[in-house]
Each structure stands twice: as structure tokens, then as C-alpha cells.
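**Student:**
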Amino acid sequence: MNGPAVNALEIIRDIYNVDQLLSGKEYIRELVKRLAQKLKVKFVMVGHDVEGKGTSVQTDYLFADGKFVDNVVYELEGTPCTKVLCGTRVNCYSAKVQDQFPNDQMLKDLEVESYMGAPFLHTNGGLLGLLVIMDDRPLEDLDLATAVVEFFAARIGAEYRRLDAEESLRRSNEDLEKLVDTRTKQLISQEKLATIGRITLGIAHELKNPLNIIINGTELLQDSDISEQDRARTQTMIHQHGLRANEIITSMLKQARQEVHTTEEWADVSRLLKHAFDVFFKSLNDIELKLKLIKKISITTEVKAQLFDVPAIERVFINVIDNAVYALAEKLQKNKSGYTPELQIELSFKNSRCQIRVRDNGIGIPSDQLKRVCDEFYTTKPPGDGIGLGLWVAKQNIEKNRGSLKIDSRENEYTEVVIELPAVRRDAEVEVSI
Ligand SMILES: Nc1ncnc2c1ncn2[C@@H]1O[C@H](COP(=O)(O)OP(=O)(O)OP(=O)(O)O)[C@@H](O)[C@H]1O
Ligand SMILES: [Mg+2]
138 MNGPAVNALE IIRDIYNVDQ LLSGKEYIRE LVKRLAQKLK VKFVMVGHDV
188 EGKGTSVQTD YLFADGKFVD NVVYELEGTP CTKVLCGTRV NCYSAKVQDQ
238 FPNDQMLKDL EVESYMGAPF LHTNGGLLGL LVIMDDRPLE DLDLATAVVE
288 FFAARIGAEY RRLDAEESLR RSNEDLEKLV DTRTKQLISQ EKLATIGRIT
338 LGIAHELKNP LNIIINGTEL LQDSDISEQD RARTQTMIHQ HGLRANEIIT
388 SMLKQARQEV HTTEEWADVS RLLKHAFDVF FKSLNDIELK LKLIKKISIT
438 TEVKAQLFDV PAIERVFINV IDNAVYALAE KLQKNKSGYT PELQIELSFK
488 NSRCQIRVRD NGIGIPSDQL KRVCDEFYTT KPPGDGIGLG LWVAKQNIEK
538 NRGSLKIDSR ENEYTEVVIE LPAVRRDAEV EVSI
């Protein structure tokens, strides 16, 4: 009784001791070959149930007479394999197997005398495939063969399941990659559309000011009472702002093509700020506000700064003044008497930085909205009055020039925008060498 058990264990160990580097199909191939050699049988076969129907088997490894031969598909009916695939354990015909399956042509062709097969299962218990050994002589040591076949059927089954899992993982990875690819393409096209939309809105936003000036100017020219001096001045203004609109489009298109300004130039911040205010105030057509407004302009310090995009900075000043005047006009609408709109613009210089302060006593910003005002497309204005890009663009332009933009406000009391830029005093310009 001890004899066969020890033998089976030794044989199992011998077969099992396959090169550690082998895996998957190569590993099963090696097991099949060793099974034939160690059990001294002529045929070893491993196959799987075709389409899980239990009617036919496709061999995946067919070892005959010391070598692997071409795989075959065979119908199960009338073969000993039917019995194997019906059960869950080893099925054995130790001799004269052909007598029991007279219609099995393969048994005849191969002159098979003995047969032993064991199924292996899916994790869900369904049949996956089978391991079969056959010989042209009766099987002698049945206990040994049973132990070995049962063990390796289970081992080969595990390898089949692993290969299956790998395959479905590979497939789902492929599906996932395809999905990611499609989604990425969708995102890229959405992003492109969003960029086009942003550029369009950006152009619209930037063009609004010069266009307003041009429109107001032409209306003024239609007035027959206008003096010759004012007519000439207005015509110059219209021309200047037409050029300016053109310049804006060119610079926005450059930005869209990523041709951002990479060279800096010296700019007179005091002049830029004064000019921005003049331009804005001249184009202001709210007569009531124009009359009541108290302007406290203090641009005494003459400073210069090295700027990447001078027209963009001037537009920042115009946008900030525009916001302030809008807030003043809003408040004036609500308080016809007892309210004096006030606008303060101040330029100062300290510690190699200039500071531009624009303060209004308009409607102010509610404290819970304050952190949102520089967000892209944040606006409280009706369509036509604002897009919500002014401060967003302003902050970006200022930061591109190593500066900062901060806003402080109290609802119904004031709003103060403070812009800082690295700068030098005009008289110190000669001392600077960069
Ligand atoms: N001085 C201010 N007083 C009160 N609210 C302000 C002031 N400046 C900005 N805001 C608030 O911040 C919002 C965003 O301003 P921003 O300049 O970015 O856009 P906008 O003025 O609404 O539109 P756009 O500038 O694109 O024409 C404004 O809609 C307004 O609610
Ligand atoms: Mg604005």
C-alpha cells in the first residue's frame, strides 16, 4: 500500500519540478510532455470544451508517440470523454476501452487500449476542459495514474483559468485604452472649442471700449452745434480708437497663436494711467454721473516699468476704471439725492514697486462674492454690459509682468483695486542697467 503512494508522490514531484521561468502555454506543454514520459504512456491530451456546450472538444496539446502533433476537434458522443465531462473526477478504462466505445474512430486509429481522463473546472464549477492519458497497453498502476492525473488536471485547470483571466484583463485594458483614447479626443475637441469661445469673447470684451468711444464720437459729430475745435478733436479720437481696435485684434490673434510677447519694453506707467483715464472719461456718456462725479486723481510720481505687453496693461487700467465708474453709476441710479459719486486714482512708488490704487464709493461687492470677482466669466452685469473677463484678464496680465492685483470692498460703501508692478522712478532710470 505504501509503494504506489510514495511512487505517485515522487512522480508528481518529478513532473511538477518544471523550470520556474516557464508559464502559461509553455508550462502546460512541458507538463504534458513530462506526463507522457513519467507515466510511460503513448498519448497525452489536454483540450477544452468547445463553446461550453459539452458536445465537442478542441485539443490544445496533443502528445503522441514522443512528440506534439496537430490539434483536432472531435465530437464527444460515443467517446470515453463524454463520461469525463459528465463527472468531476477521474474516469478510467484500464483495458479494452475500444470495446466499450465501438463507434470511437480515433480510439481505433490510434489503437488505444487504455484510457484515463479527468476534467478541470471553471471557478463557477462549470466544465472548462480535460486531461486525458491513453496507451496501447492496459494501464497497470491505476492508483498511481489516478493520483497523478487528478493532481495535474487540477494544476492545468488553474493555469487555464489564469490564462483566461489574463486574456480578459488584456481585453478590458484594450477596451479601456480605446475608451480613454475616444474620451481624450472628445476632451481635446471640447477644449479647442472652449479656447475658440474664450478668444472670441476676449476679443469682444477688449473691443468694447474702443468701439464705444467710436460710437459716441460719431454721435457727437452728428451734432450740428459742435465747434470746429471739438470736431477735429473728436475725429482724431475716432481715428485713434479705430487703430486701437485693430491693434487689439492683432495682439489677441497673436496670443491665440501663442506668439506671446517675450520681450520687455520700458513704459511710462504715469502716462499710461493718465491716458487710460482721459480716454475713458471723454467717452463717458452718462451726463448726470459726469457732472456729479468728484475725481481725485493723484498721479504725481513719474514711474517707469519694464512691461511685456504695454497695450495690455493700458487695457487693464481702462477695465478697472470702467468697473469703478459702472459701480458709481449704479449707486447713483438708486440714490438720486444725498449721494456724491467719488473716484480716486492714485499712483505711488515705494521699494522698487509702483502702486496703482483705484477706489470708488459705488455699490461695492458683497463679502461672499469678493473672492470670485477675478474668476473667468464672473459678472453681475446684464448681457451687453459685461462678460466677466475684465478682472480675469487684468490679473493675468499683471501677474505676467511680475505684479499683483488685489481687491478690497465693502458692500454699498467702496471698492478699492490695488495693482503693484515692479518699477523705477523716472529720474532713476539712468541708474538702472538690466
Ligand atoms: N469697482 C467695482 N465695484 C463693484 N463691483 C465690482 C467692481 N469691480 C468689479 N466688480 C464686480 O466684479 C465683477 C467682475 O468684474 P469684471 O471686470 O471681471 O467683469 P465685468 O465688468 O462684469 O465684465 P467685463 O469686464 O468683461 O466687461 C463685476 O460684474 C462686478 O460684479
Ligand atoms: Mg469689467
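Each position in the sequence shown, counted from 1, maps to that position plus 137 in the numbering used here.
Glycine included, each C-beta is placed from N, C-alpha and C at the ideal position.
Since the structure is predicted, the reported quantities are computational estimates derived from the model, not experimental observations.
Let me check you understand the geometry: is the CB of Leu528 closer than 7 Å to at least one non-hydrogen atom of ligand 2?
**Tutor:** Flag set: Cβ of Leu528 near ligand 2.
**Student:** What does the Cβ neighbour count give for Pro347, buried or exposed, with the cut at 16 atoms within 10 Å?
**Tutor:** With 16 or more other Cβ atoms within 10 Å, it is buried.
**Student:** Does the distance from the C-beta atom of Phe238 to that of Gly215 stay below 8 Å?
**Tutor:** Closer than 8 Å, so yes.
**Student:** Is any beta-carbon of chain B found at less than 8 Å from that of Asp236?
**Tutor:** Among the protein chains of the structure shown there is no chain B, as only one such chain exists.
**Student:** With respect to 7 Å, is the separation between the Cβ of Ala449 and the closest non-hydrogen atom of ligand 1 below this value?
**Tutor:** Incorrect: Ala449 has no Cβ contact closer than 7 Å to ligand 1.
**Student:** For Ile455, which residues from the same chain have a beta carbon less than 8 Å from its beta carbon, with the 5 sequence-adjacent residues on both sides left out?
**Tutor:** Cβ within range, chain order: Asn346, Ala413, Val416 and Phe417.
**Student:** I'd like the span of the beta strand (DSSP E) that includes Cys491, first residue to last.
**Tutor:** Looking at the DSSP string, the run of the beta strand (DSSP E) that includes Cys491 is Arg490 to Asp497.
**Student:** Taking C-alpha atoms, which residue in Thr516, Thr283 and Lys508 lies nearest to Tyr463?
**Tutor:** If we check each option's Cα against that of Tyr463, Thr516 comes out closest.
**Student:** Mind checking whether the beta-carbon of Thr516 lies closer than 7 Å to any heavy atom of ligand 1?
**Tutor:** Yes, since a heavy atom of ligand 1 falls inside the 7 Å radius drawn around the Cβ of Thr516.
**Student:** Does Tyr164 come out as helix, strand or coil in the three-state DSSP assignment?
**Tutor:** Note: Tyr164 maps to helix in three-state DSSP.
**Student:** So, with DSSP's three-state summary, where would you put Phe205?
**Tutor:** Phe205: strand per DSSP, three-state reduction.
**Student:** Using only the heavy atoms of ligand 2, determine whether one of them is closer than 7 Å to the beta carbon of Asp362.
**Tutor:** Answer for Asp362: no, Cβ out of range of ligand 2.
**Student:** Thinking Thr552 and Asp505 are a contact (beta carbons under 8 Å), I'd like their distance in whole angstroms, please.
**Tutor:** About 15 Å; that fails the 8 Å criterion.
**Student:** So which of Gln377, Asp280, Ser326 and Cys229 has the shortest CA-CA distance to Ala145?
**Tutor:** Closest option to Ala145, Cα to Cα, is Asp280.
**Student:** Examine the Cβ distances between the region 271-289 and the region 308-316 and report whether three or more of them are shorter than 8 Å.
**Tutor:** Short answer: they don't touch.
**Student:** Which residue or residues does DSSP assign as beta-bridge partners of Gly184?
**Tutor:** Paired residues: Thr196 and Leu267.
**Student:** Excluding the five sequence neighbours on either side, which residues of its own chain have a C-beta within less than 6 Å of the C-beta of Val209, listed in chain order?
**Tutor:** Excluding sequence neighbours, Val209 sits near Thr196.
**Student:** Given 8 Å as the limit, is there contact between the region 429-448 and the region 358-368, that is, 3 or more CB pairs closer than that?
**Tutor:** Cβ pair count under 8 Å is below three, so no.
**Student:** Report the residue from Asn460, Asp423, Lys411 and Lys468 whose alpha carbon sits nearest the alpha carbon of Val440.
**Tutor:** Among Asn460, Asp423, Lys411 and Lys468, the Cα nearest to that of Val440 is on Lys411.
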